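J.: Please find one structure pasted underneath; my questions will follow.
Here it is as structure tokens:
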């Protein structure tokens, strides 16, 4: 899967945001050729590959997944202000439109692949491929319903302009998603020799998340939580977390046993060596004041920086802190995963002592342990007023960088990484099970699932102290544990939206949101004094649609 050069997107499939009356209204003379080609085994496989590849565009930017949450705050460069601060979030927001458009384009590629599934020369994989595409399309709709609420359920392949779409209710969209995912579960295999294709474990993980999310909705039921727990445990299949946390994210180790589903990149599939790749590595840390390109550090936009809440989540006994953040920067970049010997010969340029090693005595001891290489290091002490409030256009290096997505082989640029983006991995599956059991009132099983995650996270000798009791399990604890486990992974806005904690936690921990409250303004309250709990339906989608399609509350 990963090495396949993805074919160009299909002619005539550019489904724009919610409406299609801006299509060229002329005869598409390429249809016959494409119809014949996609009915062949070779052509159909290229169509399947295009459907997988469409997820790259869906995840091309982090804003709808991460901005405006409790964990990430604006740094040196400005985030899309509507998504990061809510006050100015309007239906004309460009990033919301891009996301909406990209997801529907992905859906239309999937619709085309499903259309040709029973028109293709018979192969032994057609049933599997149908299940894979149903999974991808259902997942697209899951992203949409969480973000926008009810949306248009578009399930047909278009060859002519369509000018009118009706809006299904969120309840109807969830019912469609679950139906599609359940059918996919019957069709895809337990395992695959082609890493990256959808398997039953990936479907079970996603069904767990879908039922868990629906359970919080007004039309959800307690059975959703029970079903979520059942699917999560079935996805776990008794597999423990045997890799170290650092090894899960080790460059080149993306095909490890804990990855249930990922979006894949490969150098052979990129248009050039310095464009078209994964952008995840670029967004979660400081720009190095121009030295990155010279000294070899990975490119950082300094746009999404961890909040102090994010740093405060960790304790000294939690190995995930060291595996997640780079707290020592050297005179030049080193491949800290594969060239550790060389790293240990370089002088330290910047040091960010964690909160448990932040006293003057601890910093002095750190320098004394290796004075030749550390004495001249610039030390940025752990401090809410420094690490967070000093993020301005002139202070570039004042916060640790998220390192777990770094790609030592990437060119210096924001979209050059060929590392995979993890959508579903086993560590999160355990936490989904824990949240489902918590909502069922079974705190013992919730603690058990969390403790599997924390046991792997514990530093040597701290395994017992990292364990929790059932009395420790609360929704806030679950969100904190998801924060520790999933820093920088594209889940946080959906986590807070699902659990009804978005407004409270963003106000509490995100300084860009908090500043509005400090000035007497609630940025979440929109038109008609309605809270902005969903993103707006893009104006372009509403303008193009000739049918009745209401805007979301607050806009």
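Numbering (the numbering used here), first residue to last: 4 to 558.
Think of the CB as a built atom: it goes at the ideal place given N, C-alpha and C, for glycine as much as any other residue.
Remember, it's a predicted structure, so these values are computed and weren't measured experimentally.
1. Could you check the C-alpha separation between residue 379 and residue 326 for me, to the nearest Å?
2. Which of helix, strand or coil does DSSP assign to residue 156?
3. By Cβ distance below 8 Å, which residues in the same chain neighbour residue 51 in space, the five residues on each side in sequence not counted?
4. Under three-state DSSP, which class holds residue 540?
5. With a cut-off of 8 Å on the beta carbons, I'd call residue 71 and residue 88 a contact; round off their distance for me.
6. Give the straight-line distance between the Cα atoms of residue 167 and residue 160, rounded to the nearest whole angstrom.
7. I'd like to know whether the C-beta atoms of residue 231 and residue 545 end up nearer to each other than 8 Å.
8. If you compare alpha carbons, which of 58, 516, 542, 420 is closest to residue 271?
9. Can you tell me whether residue 257 is buried or exposed, with buried defined as 16 or more other CB within 10 angstroms of its CB?
10. Rounded to whole angstroms, what is the Cα-Cα separation between residue 425 and residue 158?
11. Out of curiosity, what's the CA-to-CA distance linking residue 12 and residue 253?
12. What span of residues does the beta strand (DSSP E) with residue 428 cover, start to end?
13. Pull up the distance between the alpha-carbon of residue 316 and that of residue 487, whole angstroms please.
14. Could you tell me if residue 268 is buried or exposed, where buried requires 16 or more neighbouring beta carbons within 10 angstroms of its beta carbon?
15. Mapping the DSSP letters down to three states, classify residue 28 as helix, strand or coil.
16. Across which residues does DSSP place residue 421 in a beta bridge pair?
17. Pull up the DSSP beta-bridge partners for residue 307, would you.
18. My assumption, with CB atoms under 8 Å, is that residue 169 sits in contact with residue 112. Please give the rounded CB distance.
19. Thinking just about the alpha-carbon of each residue, which of 177, 354, 456 is nearest to the one in residue 251?
20. How would you write the range of the beta strand (DSSP E) that residue 524 sits in, first residue to last?
21. Could you tell me the alpha carbon to alpha carbon distance between residue 472 and residue 441, rounded to whole angstroms?
22. Taking C-beta to C-beta, are residue 305 and residue 79 nearer than 8 Å?
23. Kindly indicate which three-state DSSP category residue 275 falls into: helix, strand or coil?
24. Count the other CB atoms, across all protein chains shown, that sit within 10 Å of the CB of residue 275; report buried if there are 16 or more and exposed otherwise.
25. Alpha carbon to alpha carbon, what distance is there between residue 454 and residue 410?
26. Mind checking who residue 461 pairs with in its DSSP beta bridge?
27. Is it right to say residue 332 is buried, meaning 16 or more other beta carbons lie within 10 angstroms of its own, or is it exposed?
28. What number of angstroms, rounded off, separates the C-alpha of residue 558 from the C-alpha of residue 178?
29. So, are the CB atoms of residue 489 and residue 502 less than 8 Å apart?
30. For the putative contact between residue 266 and residue 515, defined by C-beta atoms under 8 Å, what is the C-beta separation to the nearest angstrom?
31. Return helix, strand or coil for residue 33, following the three-state DSSP convention.
32. With distances taken between CB atoms, is the gap from residue 244 to residue 444 smaller than 8 Å?
33. Among 189, 94, 162, 437, which one has its Cα closest to the Cα of residue 151?
34. Measuring straight from C-alpha to C-alpha, what distance separates residue 31 and residue 41?
35. Report buried or exposed for residue 468, applying the criterion of at least 16 other Cβ atoms within 10 angstroms of its Cβ.
36. Output the boundary residues of the alpha helix (DSSP H) element that contains residue 137.
T.: So, from the data block:
1. Looking at the two C-alpha atoms, the distance is approximately 25 Å.
2. coil
3. 116, 132, 135, 136
4. coil
5. 7 Å
6. 15 Å
7. no
8. 420
9. buried
10. Taking the straight line from one Cα to the other gives about 27 Å.
11. Since pLDDT at residue 12 reaches only 29, below the 50 mark, its modelled position is unreliable, and the value read off the structure follows with that caveat. Between residue 12 and residue 253, the alpha-carbon positions lie close to 32 Å from each other.
12. Where residue 428 is concerned, the enclosing beta strand (DSSP E) stretches over 424-428.
13. 6 Å
14. buried
15. Low confidence applies to residue 28: its pLDDT is 31, below 50, so where it sits in the model is not reliable, and the reading given next is rough at best. Assigned with DSSP and collapsed to three states, residue 28 falls in coil, not helix or strand.
16. According to DSSP, which records beta bridges pairwise, residue 421 is partnered with nothing at all.
17. 77
18. About 22 Å separates the Cβ atoms of residue 169 and residue 112, ruling out a contact at the 8 Å cut-off.
19. The option with the nearest alpha carbon to residue 251 is 456.
20. Unbroken run through residue 524: none, as it is neither H nor E.
21. 13 Å
22. yes
23. Residue 275: strand per DSSP, three-state reduction.
24. exposed
25. A straight line joining the alpha-carbon of residue 410 with that of residue 454 spans about 30 Å.
26. 321
27. buried
28. 26 Å
29. In this structure, residue 502 does not lie closer than 8 Å to residue 489 by Cβ.
30. That belief does not hold up - the Cβ atoms of residue 266 and residue 515 are roughly 28 Å apart, past 8 Å.
31. The predicted model places residue 33 with a pLDDT of 47, which falls under 50 and marks its position as unreliable; any figure quoted below should be read in that light. Here residue 33 sits in coil by DSSP.
32. no
33. 94
34. Note that residue 31 scores 43 on pLDDT, short of 50, meaning its location in the model is unreliable; the coordinates nonetheless yield the value given after this. Roughly 16 Å separates the two Cα atoms.
35. exposed
36. 129-151
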